[in-house]
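Numbering (my numbering), first residue to last: 21 to 274. We treat Cβ as the ideally placed atom computed from N, Cα and C, and that holds for glycine. Just so it is clear, the structure is predicted and the values come from calculations on it, not from any experiment. First comes the structure, then the notes that go with it.
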Ligand SMILES: Nc1ncnc2c1ncn2[C@@H]1O[C@H](COP(=O)(O)OP(=O)(O)OP(=O)(O)O)[C@@H](O)[C@H]1O
Ligand SMILES: [Mg+2]
């Protein structure tokens, strides 16, 4: 069985009297697309925020590759390889699409005064490789023809795609995406998920909140269902749709 990447152990996060996340347990193993679904306000984004260090849980434990991350800062969690598609790092609206991709790449050789002066050749080679990689990713999400547009000129859906593309440039071990298919047409949404699935076969792991269940369920290997701060069901997509708790979460009745 694949190695556990992310373990969420009895995590609670409340805001005053609101129990946004209320004793959640999860075990996300390496590889594949892991889905998180549930009605509005069920605590999905709050759970993501605690995993990313944007909010600290009130109790419970979050472990990435066995290391407790509860009280780490977002950049420390990012350095461990847990990347958020939409918050870190942010888009630069006045830079071109291509430049936005290049600055999102992790640990560039040219970073720093010394490297940029003395490792010029190595840096240029790396820049070429990164550009090739960026173009491949942009081709896939149909943004290649916009490489010289500024990010600010893109439509809302295109900006969202660019955020996903930039997150991929950071070579995350675990990529968290909160509603990647929202605002994108269904055909492109499916293509994006198809690409994520291809990448997951080469070792990347995705944890995705998505309201477009028909797309998510086609590609996810495991689904967690949240309702009122708790996980009420989990399983593979074929089994989850047979679970009463899944329907109860959405319909709000027995
Ligand atoms: N910073 C905050 N302060 C107070 N309450 C909050 C805060 N963040 C979230 N909540 C509340 O916590 C609950 C869970 O919210 P959360 O955004 O995590 O839900 P969600 O499952 O992501 O919903 P959606 O599907 O609409 O995005 C909601 O009742 C919400 O109002
Ligand atoms: Mg949310």
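Between the C-alpha atoms of residue 58 and residue 65 there is a straight-line separation of about 11 Å.
With a cut-off of 8 Å on Cβ pairs, the stretch 69-78 is in contact with the stretch 94-107, counting three or more such pairs.
Residue 89 sits in coil when the DSSP states are folded into three classes, being neither helix nor strand. For residue 104, the secondary structure class from DSSP, reduced to helix, strand or coil, is strand.
For residue 206, the closest C-alpha among the options 233, 220, 193 is that of 233. Judged by DSSP in its simplified three-state form, residue 34 adopts strand. Cα atoms of residue 60 and residue 209: separation of roughly 21 Å, rounded to the nearest angstrom. DSSP links residue 39 through a beta bridge to 34.
Remark: the C-beta of residue 266 is outside contact range of ligand 1, defined as less than 6 Å to any heavy atom. Rounded to whole angstroms, the separation of the alpha carbons of residue 156 and residue 215 is 11 Å. Counting only beta-carbon distances shorter than 6 Å to the non-hydrogen atoms of ligand 1, the qualifying residues in chain order are 35, 38, 40, 58, 60, 61, 62, 63, 64, 65, 66. Nearest Cα to residue 246 within the set 25, 35, 55: 55. 7 Å or more divides the Cβ of residue 51 from the Cβ of residue 193.
Contact between the stretch 30-44 and the stretch 236-256 is present: three or more C-beta pairs spanning the two stretches fall below 8 Å. Straight-line measurement puts the Cα of residue 263 at about 28 Å from the Cα of residue 212.
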